[in-house]
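The numbers in the sequence shown follow the numbering used here, run straight up by one, and end at 433.
Scroll down for the structure; my scribbles are underneath it.
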Amino acid sequence: MSDATAEMVSRLERGDIDHIFVEFPDINGISRSKQLTTDYFLERWKNGFTMNLLLLAQTPRNHVPDGTGFGAEIDYGDGVVHPDPKTFHVLPWRDDAARVICDFKYDGEPVLGAPRTVLKRVLEQNDLGFDFYAGSELEFYLLEETGDGYGPATSDNHECVTWATEEISQFYNRLVDLADDFEIDIQSLQHEHGAGQLEVLFDYGRPLEQADTTFEFKRLVKQVGRERDQWPTFMAKPYGDRAGSGYHLHVSAFDGDTNILGNTDGLSNQGRHFIGGLIEHADSLAAFGTPNINAFKRYKPGSFAPYTASWGYDNRMSAIRIPPGVVRAENRIASAEANPYLVIASTIAAGLHGIRQRIEPSEPVVGDPTGNRPKLPQSPELALRALENDDALAEILGSDIIQVYTASKRRELQAFRDHVTQWERDQYVKTL
């Protein structure tokens, strides 16, 4: 029995925890779970717990897609979720409950269309033996109820203005307290450009740990919002005239003590090739990083949200930024609601492919890359098509996740097309 397993079992056997949530990330990065009694969990956890596989692939509004391999193909059968004891935590806002993140299996084998399993698969295929590390910057809007719906919790666009940050200090303090209980190391919080928009920076960690951290952090943000009657949202563009929310992923790789991406003298050959892989697969990275119709509205020419498949040194207008200091690659393509497991997995996979194939990137851009580099996909259809045609990335990620992801996202797009918006009524009811 591992140390983590022994600690989990010992904690539950104390008798003060009555319930445990067996939790997993779906294709959207949304937490799904069911609540078990502790006695039942302790009896059965080694064998796992049945849950419907389609839960992995449903849209955010629970539409059921066809063609995932989880539906009629297996008679809508169940998979089995297996707890990862290393992720066990008591819920600090409840005295009687805990949670543990789980991995899906079907017929005794890992489900290769499950996001957490995909990240594990990529890390296991690291035949070059590098130690990867990841760090996250995550933006979100903090909203609260107003007379006509919901509006920003701070009064105006005050990027890094001290008193604006003070306006949300109680929210932040509670969030840090919960994060500490989950052993999540928040390095900083700042007020971002949009009214009510915040950015949080996490400490570096191993890729799977970083994905678990980002996944669970989103749940903590929602929990603090519920406690305070506020509505945090990771939606990329809740307002058309305000800044979008991004998920900036920093990745570095080491061979022992050596940073294989480069040093103070600049990028290494492997560092250039890593970036070459990211640029080569930028359209596929956009498919995972821009997971819905709203998120594509974040891409604007001349903005800090990337518009082109470009890279540059300390250039916030490029898709891939090389920050000053310790050499690392910052993937700026993803929006805040993107699934962290898939963003991290696809970024590392693209970089590995670049190193293996010695892909040389384009020249680094200086200033606004708009017009100087190919545009990123400007619609979900273009991004999904690029992902489906990316054989090299599919070889590393596995074809199952491509199938599940594209089927789910196309079902979500169909729901959008079926919906008649108020804009359409305003434009056409009286004039046509």
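Glycine included, each C-beta is placed from N, C-alpha and C at the ideal position.
Just so we're clear, the structure is a prediction, and the values are computed from it rather than from any experiment.
If you follow the alpha helix (DSSP H) that residue i is part of, which residue opens it and which one closes it?
{"i": "THR234", "result": "Note, THR234: premise wrong, no alpha helix (DSSP H); beta strand (DSSP E) at 231-234."}
{"i": "GLU44", "result": "39-45"}
{"i": "TRP312", "result": "Counting along the chain, TRP312 falls outside any alpha helix (DSSP H), though it belongs to the beta strand (DSSP E) covering 312-314."}
{"i": "THR69", "result": "Careful: THR69 lies outside any alpha helix (DSSP H) and carries neither H nor E."}
{"i": "THR118", "result": "116-125"}
{"i": "ASP427", "result": "423-429"}
{"i": "THR348", "result": "341-358"}
Rounded to whole angstroms, what's the CA-CA distance from residue i to residue j? Just pull it up for me.
{"i": "PHE297", "j": "PRO370", "result": "18 Å"}
{"i": "GLN423", "j": "THR432", "result": "14 Å"}
{"i": "ARG15", "j": "SER336", "result": "42 Å"}
{"i": "ILE356", "j": "ALA288", "result": "22 Å"}
{"i": "SER246", "j": "GLY352", "result": "24 Å"}
{"i": "ILE345", "j": "ARG322", "result": "16 Å"}
{"i": "ILE28", "j": "LEU55", "result": "10 Å"}
{"i": "ALA283", "j": "PHE42", "result": "43 Å"}
{"i": "LEU57", "j": "HIS249", "result": "24 Å"}
{"i": "SER269", "j": "ASN174", "result": "41 Å"}
{"i": "ASP149", "j": "GLY313", "result": "43 Å"}
{"i": "ARG243", "j": "HIS192", "result": "14 Å"}
{"i": "SER11", "j": "ASP419", "result": "51 Å"}
{"i": "ASN260", "j": "ARG207", "result": "15 Å"}
{"i": "TYR77", "j": "ALA5", "result": "34 Å"}
{"i": "ALA98", "j": "MET9", "result": "13 Å"}
{"i": "ALA384", "j": "PRO292", "result": "9 Å"}
{"i": "GLY68", "j": "ILE75", "result": "11 Å"}
{"i": "PRO375", "j": "SER363", "result": "11 Å"}
{"i": "ASN48", "j": "GLY30", "result": "25 Å"}
{"i": "GLY368", "j": "ALA73", "result": "51 Å"}
{"i": "TYR205", "j": "PRO239", "result": "29 Å"}
{"i": "ASP391", "j": "LEU176", "result": "39 Å"}
{"i": "HIS20", "j": "HIS274", "result": "48 Å"}
{"i": "THR60", "j": "LEU113", "result": "18 Å"}
{"i": "GLY80", "j": "TYR308", "result": "40 Å"}
{"i": "ASP85", "j": "PHE105", "result": "11 Å"}
{"i": "ASP178", "j": "ASP186", "result": "10 Å"}
{"i": "GLY130", "j": "LEU262", "result": "14 Å"}
{"i": "TYR430", "j": "SER347", "result": "Going by the sequence as given, residue 430 is Val instead of Tyr. Those two C-alpha atoms are separated by around 44 Å."}
{"i": "GLY257", "j": "VAL328", "result": "15 Å"}
{"i": "ASN295", "j": "ILE334", "result": "14 Å"}
{"i": "THR51", "j": "ARG100", "result": "16 Å"}
{"i": "GLN36", "j": "ARG95", "result": "13 Å"}
How far does the beta strand (DSSP E) with residue i in it reach, from first residue to last?
{"i": "THR6", "result": "Here THR6 belongs to no beta strand (DSSP E); instead the alpha helix (DSSP H) covers 4-13."}
{"i": "PHE25", "result": "20-26"}
{"i": "PHE305", "result": "Segment: none, PHE305 is in no beta strand (DSSP E) and carries neither H nor E."}
{"i": "GLY136", "result": "132-147"}
{"i": "THR371", "result": "No beta strand (DSSP E) contains THR371, which DSSP labels as neither H nor E."}
{"i": "ASN270", "result": "Careful: ASN270 lies outside any beta strand (DSSP E), inside the alpha helix (DSSP H) at 270-281."}
{"i": "THR265", "result": "Run containing THR265: none; DSSP gives neither H nor E here."}
{"i": "THR51", "result": "50-53"}
Going by DSSP, which residues form a beta bridge with residue i?
{"i": "PRO84", "result": "CYS103"}
{"i": "ASN36", "result": "Looking at the sequence provided, one finds Gln at residue 36 rather than Asn. Answer by DSSP bridge pairing, in chain order: PHE22."}
{"i": "GLY150", "result": "THR147"}
{"i": "PRO323", "result": "Per the sequence presented here, residue 323 reads as Ile, with Pro not at that position. In DSSP, ILE323 forms a bridge with TYR314."}
{"i": "GLU331", "result": "HIS251, ARG322"}
{"i": "THR309", "result": "LYS376"}
{"i": "GLU110", "result": "TYR107"}
{"i": "VAL91", "result": "ALA99"}
{"i": "SER336", "result": "GLY247"}
{"i": "ASP79", "result": "ASN53"}
- How do the segment 371-389 and the segment 144-153 stand: do at least 3 beta-carbon pairs fall below 8 Å, yes or no? no
- Query: Three or more C-beta pairs closer than 8 Å, one from the segment 235-250 and one from the segment 126-142: is that the case here?
  - Reply: yes
- Query: Going along the chain, which unbroken runs of the alpha helix (DSSP H) with 4 or more residues stay wholly within the segment 377-411?
  - Reply: 381-389, 392-398
- Item | Inter-stretch contact (C-beta, 8 Å, three-pair minimum) for the segment 299-312 and the segment 209-228 | no
- Does the pairing of the segment 81-95 with the segment 174-194 give three or more beta-carbon distances under 8 Å? yes
- With a floor of 4 residues, list each alpha helix (DSSP H) that falls wholly inside the segment 173-260, ordered by position along the chain. 208-228
- Task: Determine, using beta-carbon pairs with one atom in the segment 392-405 and one in the segment 104-120, whether at least three such pairs fall under 8 Å.
- Result: yes
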